[in-house]
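**Student:**
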Amino acid sequence: MTKRYNHTANDPDPAGNSGPERGMLNSEVELELLLSLSNNMAAIRNRDDLVAVLTHDVKPLIAFVNLSIYLADDDLEALKPYVFLLERPANVILSTGDHQQAEGTFAGFETWLSAVRATQMPVVFDLAMVAESPGYPVCFRLNHENGLAFGVSAKLIRYNRSAGVLNVFFDAAVPLEQRRLKLISSIAGQISIAIANIEANEMLERREFERSRLLSFSTSVSSVKEKTQLVQVFSKHVGDLCSVVDYCLHWLNEDGVTHSPYLWDTEVIFGDPEGLNEVLVGKYPIDDGVFNTVRDQGRMIVIDVEQEVHRDDCPLYLRVIKTKNVKKVLAFPVHIMNEMKGIFFANFNSVLEVEKHTVQSLCAQLAIAVSNLIATEKLKEQLTEINRYKEILEEERVYLKEEIQTANNYGEMLGVSDEMKEVFTQISQVSSADITVLILGETGTGKELVARAIHQHSKRNGKLMVKLNCAAIPTNLIESELFGHERGSFTGAIDRRIGKFELANGGTLFLDEIGELPVELQSKLLRVLQEREIERIGGHRSIPVDVRIIAATNRDLQEEVANG
424 MTKRYNHTAN
434 DPDPAGNSGP
444 ERGMLNSEVE
454 LELLLSLSNN
464 MAAIRNRDDL
474 VAVLTHDVKP
484 LIAFVNLSIY
494 LADDDLEALK
504 PYVFLLERPA
514 NVILSTGDHQ
524 QAEGTFAGFE
534 TWLSAVRATQ
544 MPVVFDLAMV
554 AESPGYPVCF
564 RLNHENGLAF
574 GVSAKLIRYN
584 RSAGVLNVFF
594 DAAVPLEQRR
604 LKLISSIAGQ
614 ISIAIANIEA
624 NEMLERREFE
634 RSRLLSFSTS
644 VSSVKEKTQL
654 VQVFSKHVGD
664 LCSVVDYCLH
674 WLNEDGVTHS
684 PYLWDTEVIF
694 GDPEGLNEVL
704 VGKYPIDDGV
714 FNTVRDQGRM
724 IVIDVEQEVH
734 RDDCPLYLRV
744 IKTKNVKKVL
754 AFPVHIMNEM
764 KGIFFANFNS
774 VLEVEKHTVQ
784 SLCAQLAIAV
794 SNLIATEKLK
804 EQLTEINRYK
814 EILEEERVYL
824 KEEIQTANNY
834 GEMLGVSDEM
844 KEVFTQISQV
854 SSADITVLIL
864 GETGTGKELV
874 ARAIHQHSKR
884 NGKLMVKLNC
894 AAIPTNLIES
904 ELFGHERGSF
914 TGAIDRRIGK
924 FELANGGTLF
934 LDEIGELPVE
944 LQSKLLRVLQ
954 EREIERIGGH
964 RSIPVDVRII
974 AATNRDLQEE
984 VANG
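Quick note: to get the numbering used here, add 423 to the position in the sequence shown (first position is 1).
What follows is the structure, given as structure tokens:
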């Protein structure tokens, strides 16, 4: 860069002027400073560079005391702060407490903006006259209170449109003749170009940052195997890329007509409102006024929660969001192969305008990750079910082999006596009724043959009749035989085992010598008969079973119950 003059309004100017001419430079020095300014403006890449050039190059040229720059959102319809340089008062930073223009976008200074719009040249304001007017920014009053006399406002022009306002403030010693105003106008033009370069450079840097982070996110989710991992990975990357907080992803269910929450920020989902658990397990129709609206429009929309909750059919998830004073949410469509699969909800107040494209890019990556995760979960469920059926088939094969080996030992049931006719009559009566049967008789009288005959003449004869001799199995193993166990559930359980109830599912379970069943196991058996479901030892889920029980005993159970 060329030579800079570190000159302030309180120092003698480089031309040696004083009195009324103080602050105005001779042509040679001014030309050198303008050349330096032009070169330095062209080298600006960020806001810090701009502040440095304003301080070291612009200030010596026009000898301002304080300076502010506002950018326009819509051709001077609304402004937002960009740069403040303050010499008086020292060490004071504008804040929203006293200066509403220091943060956020603001409008309402029609008197000031009308004057700036009306001419291409900078406008001079006597601070003593306009300081207390509501039609002027508060900084005019502050500069007046700190001894400054004049404010000059010059438009920043970009693409033939007003892009903002440059304000420079002077004390009474600085003359504001036409030459100085033209110089300020020229500087405003160079500042406009510099700000355009800064914004373009910031956009390029942001896009490069987004590209690298999205690539990192894509790499991270490729190894995700569980939903909890996906939440951790997504929360980390969405926090790095943008300011999103309180997010929730709704995904289309398998039925194709409902959607449910699938992924959410477990720490701060909309402030963890009451009723959240009910929301997270709910199913909502795709025509709930939100899902179908996003689908039909095919783009991000803003949902006015306060307005939506007045609908009679407003979905529960919006009503719960409203309880935490969230007024608006952004709803991003999530697509797989041009088909909308879900909606990504984000708190409207936590997403900046420039971040919406980033969130949409994240949603595209997230959709692929969720789709793969759901497919993996479904495959795991199918493999588990296949393994379960394989185990049942193996048990059936072994059991049928044993039955074939022992079937000829029983032969046919024969008899013509009145007692046998009564037995046959009772067998025919109970066979067709799907009820629990208790067979009483002495040892060796053929109770198992009766049980087999009942099964063969029942509607369950196409399934197995599984038998278990309660007297022949040690007490500590009967529960495992009946209900099965998971691997590692007790010492010696090296593999998962299918119990007799699962093996007999759809058929009949014959419990021989039921009178030998331990008392503590009888209550569990009663629960199975009532609830028609079991749990393996060491298992954590209920398994529905459809089993008919036929029991036999040589004891007089009524007498034993009476005797306690």
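Even glycine gets a Cβ: it sits at the ideal position worked out from N, Cα and C. Nothing here was measured: the structure is a model prediction, and the numbers come from that model.
1) Which of helix, strand or coil does DSSP assign to Asn892?
2) Whole angstroms is fine: what's the gap from Pro738's alpha carbon to Gly705's?
3) Identify the continuous alpha helix (DSSP H) that holds Arg603 and give its terminal residues.
4) Excluding the 5 residues preceding and the 5 following Glu958 in the sequence, name in chain order all residues of the same chain whose CB lies nearer than 8 Å to its CB.
5) Which residues mark the beginning and the end of the beta strand (DSSP E) in which Thr931 is found?
6) Taking DSSP as the reference, what is the three-state secondary structure of Cys786?
7) Would you mind sorting Glu804 into buried or exposed? The rule is 16 or more other CB atoms within 10 Å of its CB.
8) In three-state terms, what does DSSP make of Val553?
9) Quick test of your reading: Asp669 and Ala769, contact by CB under 8 Å. State the CB separation rounded to the nearest angstrom.
10) Go to Ser585, then tell me how far its beta strand (DSSP E) extends in each direction, as first and last residue.
11) Starting from Asn676, follow the alpha helix (DSSP H) in both directions and report where the run begins and ends.
12) Candidates Ser576, Leu796, Ser645 and Ala787: which alpha carbon is nearest Asn1067's?
13) Kindly give me the distance between the Cβ atoms of Ile422 and Ala790, rounded to whole angstroms, as I take these residues to be in contact under 8 Å.
14) Out of Lys751, Asn977 and Arg820, point me to the one whose CA is closest to Leu861's CA.
15) Assign Val515 to one of three DSSP states: helix, strand, or coil.
16) What's the gap between the Cα of Glu983 and the Cα of Pro941?
17) Per the contact definition of three or more C-beta pairs closer than 8 Å, is the region 650-658 in contact with the region 616-627?
18) Skipping 5 residues on each side, what residues in its chain have a beta carbon closer than 8 Å to that of Val474?
19) By Cβ distance below 7 Å, which residues in the same chain neighbour Ala792 in space, the five residues on each side in sequence not counted?
20) I'd like to confirm the pairing. Which residues does DSSP put opposite Ala769 in its beta bridges?
21) Pick helix, strand or coil for His963, following the three-state DSSP scheme.
22) Is it the case that the region 590-608 contacts the region 624-636, given that we only count it when at least three CB pairs across the two stretches are under 8 Å?
23) Can you tell me whether DSSP reads Asn462 as helix, strand or coil?
24) For Ala975, which residues does DSSP report across the bridge?
25) Compute the Euclidean distance between the alpha carbons of Ser615 and Arg468, then round it to the nearest angstrom.
26) Should Thr425 go down as buried or exposed, given a rule of 16 or more other Cβ atoms within 10 Å for buried?
27) Quick one: is Thr931 buried, meaning 16 or more other Cβ sit within 10 Å of its Cβ, or exposed?
28) Taking only three categories from DSSP, how would you classify Pro941?
29) Take every Cβ of the region 853-873, pair it with every Cβ of the region 909-925, and state whether three or more of those distances are shorter than 8 Å.
30) Is the beta carbon of Arg920 sitting closer than 8 Å to the one on Ser903?
31) Assuming Val547 and Leu599 form a contact by the criterion Cβ under 8 Å, report the distance between their Cβ atoms to the nearest whole angstrom.
32) Assuming Ser851 is part of the alpha helix (DSSP H), what are its boundary residues?
33) If you count every other CB in all the chains shown that lies within 10 Å of the CB of Pro897, and 16 or more means buried, which is it?
34) By how many angstroms is the C-alpha of Glu729 removed from the C-alpha of Lys750?
35) Between the C-alpha atoms of Asn583 and Leu753, what's the straight-line distance to the nearest angstrom?
36) When DSSP labels each residue in this structure, what does Leu740 get in the three-state scheme?
**Tutor:** Short version:
1) By 1-based counting over the sequence shown, the position of residue 892 is 469. In the three-state DSSP reduction, Asn892 falls in the strand class (E or B).
2) Your numbering for residue 738 matches position 315 in the sequence shown. Your numbering for residue 705 matches position 282 in the sequence shown. Cα to Cα, Pro738 sits roughly 10 Å from Gly705.
3) On the sequence shown, position 180 is the one that residue 603 refers to. The continuous alpha helix (DSSP H) containing Arg603 extends over residues Gln601 to Val644.
4) As a position in the sequence shown, residue 958 is number 535, starting the count at 1. These residues qualify, in order along the chain: Phe906, Arg964, Ser965 and Ile966.
5) Here residue 931 refers to the residue found at position 508 when the sequence shown is read from its first residue. Run containing Thr931: Thr931 to Asp935, per the beta strand (DSSP E) assignment.
6) Locating residue 786 in the sequence shown gives position 363, counting from the first residue. If DSSP states are grouped into helix, strand and coil, Cys786 belongs with the helices.
7) Taking the sequence shown and counting its residues from 1, one reaches residue 804 at position 381. By the 10 Å Cβ count, Glu804 comes out exposed.
8) Residue mapping note: residue 553 aligns to position 130 of the sequence shown, counting from 1. Residue state, collapsed to three classes: helix.
9) Residue numbering aside, residue 669 sits at position 246 when the sequence shown is read from its first letter. Residue numbering aside, residue 769 sits at position 346 when the sequence shown is read from its first letter. Cβ atoms of Asp669 and Ala769 come within 8 Å of each other, at about 7 Å.
10) Residue mapping note: residue 585 aligns to position 162 of the sequence shown, counting from 1. First-last of the beta strand (DSSP E) with Ser585: Arg584 to Phe593.
11) Indexing the sequence shown from 1 puts residue 676 at position 253. For Asn676, no alpha helix (DSSP H) encloses it, and the DSSP letter there is neither H nor E.
12) Residue 1067 cannot be examined here, being either before or after the span of the chain that is shown, 424 to 987.
13) Shown here, the chain extends from 424 to 987; a query on residue 422 therefore has no answer.
14) As a position in the sequence shown, residue 861 is number 438, starting the count at 1. The shortest CA-to-CA distance from Leu861 to any of Lys751, Asn977 and Arg820 is the one to Asn977.
15) For this step, residue 515 is matched to residue 92 along the sequence shown. With a pLDDT of only 48 at Val515, under 50, the local geometry of the prediction cannot be trusted, and the value read off the model is given with reservation. Coil at Val515, not helix or strand.
16) For this step, residue 983 is matched to residue 560 along the sequence shown. For this step, residue 941 is matched to residue 518 along the sequence shown. About 14 Å.
17) As far as the Cβ criterion goes, the region 616-627 does not touch the region 650-658, which means the pair count is below three.
18) The count along the sequence shown starts at 1 and reaches residue 474 at position 51. Around Val474: Val506 and Leu508.
19) Within the sequence shown, residue 792 is the residue found at index 369, counting from 1. Counting only Cβ-Cβ distances below 7 Å, and skipping sequence neighbours, we find Val644, Val647 and Leu653.
20) Your numbering for residue 769 matches position 346 in the sequence shown. The partner list for Ala769 (beta bridge, DSSP) reads Tyr670 and Leu753.
21) Residue numbering aside, residue 963 sits at position 540 when the sequence shown is read from its first letter. Secondary structure at His963: coil, using DSSP grouped into helix, strand and coil.
22) No, the region 624-636 is not in contact with the region 590-608.
23) Sequence index remark: in the sequence shown, residue 462 carries index 39 (1-based). Asn462: helix per DSSP, three-state reduction.
24) As a working mapping, residue 975 is identified with position 552 in the sequence shown. Under DSSP, Ala975 shares a beta bridge with Ile862.
25) Counted from its first residue, the sequence shown places residue 615 at position 192. Counted from its first residue, the sequence shown places residue 468 at position 45. A straight line joining the alpha-carbon of Ser615 with that of Arg468 spans about 13 Å.
26) On the sequence shown, position 2 is the one that residue 425 refers to. Confidence in Thr425 is poor, its pLDDT being 32 and thus under 50, which makes the residue's placement too unreliable to answer from.
27) Taking the sequence shown and counting its residues from 1, the one referred to as residue 931 is at position 508. By the 10 Å Cβ count, Thr931 comes out buried.
28) Indexing the sequence shown from 1 puts residue 941 at position 518. When DSSP states are grouped into helix, strand and coil, Pro941 belongs to the coil group.
29) At 8 Å Cβ cutoff, the stretches do not touch.
30) Here residue 920 is taken as the residue at index 497 of the sequence shown, counted from 1. Here residue 903 is taken as the residue at index 480 of the sequence shown, counted from 1. With respect to the 8 Å criterion, Arg920 and Ser903 are classified as neighbours on the basis of their beta carbons.
31) The residue labelled residue 547 in the question sits at position 124 within the sequence shown. The residue labelled residue 599 in the question sits at position 176 within the sequence shown. Rounded to the nearest angstrom, the Cβ distance from Val547 to Leu599 is 6 Å, consistent with a contact under 8 Å.
32) Working through the sequence shown from its first residue, we reach residue 851 at position 428. Where Ser851 is concerned, the enclosing alpha helix (DSSP H) stretches over Asp841 to Ser854.
33) As a first step, residue 897 must be located in the sequence shown, where it is residue number 474. Pro897 sits exposed, since fewer than 16 C-beta atoms from the chains shown fall within 10 Å of its C-beta.
34) In the sequence shown, counting from the first residue as 1, residue 750 sits at position 327. In the sequence shown, counting from the first residue as 1, residue 729 sits at position 306. Taking the straight line joining both Cα atoms gives about 6 Å.
35) Within the sequence shown, the letter at position 160 stands for residue 583. Within the sequence shown, the letter at position 330 stands for residue 753. Their Cα atoms are separated by approximately 33 Å.
36) Here residue 740 corresponds to residue number 317 of the sequence shown, with the count starting at 1. The question names Leu, but residue 740 in the sequence shown is Tyr. Of the three classes helix, strand and coil, the one that applies to Tyr740 here is helix, per DSSP.
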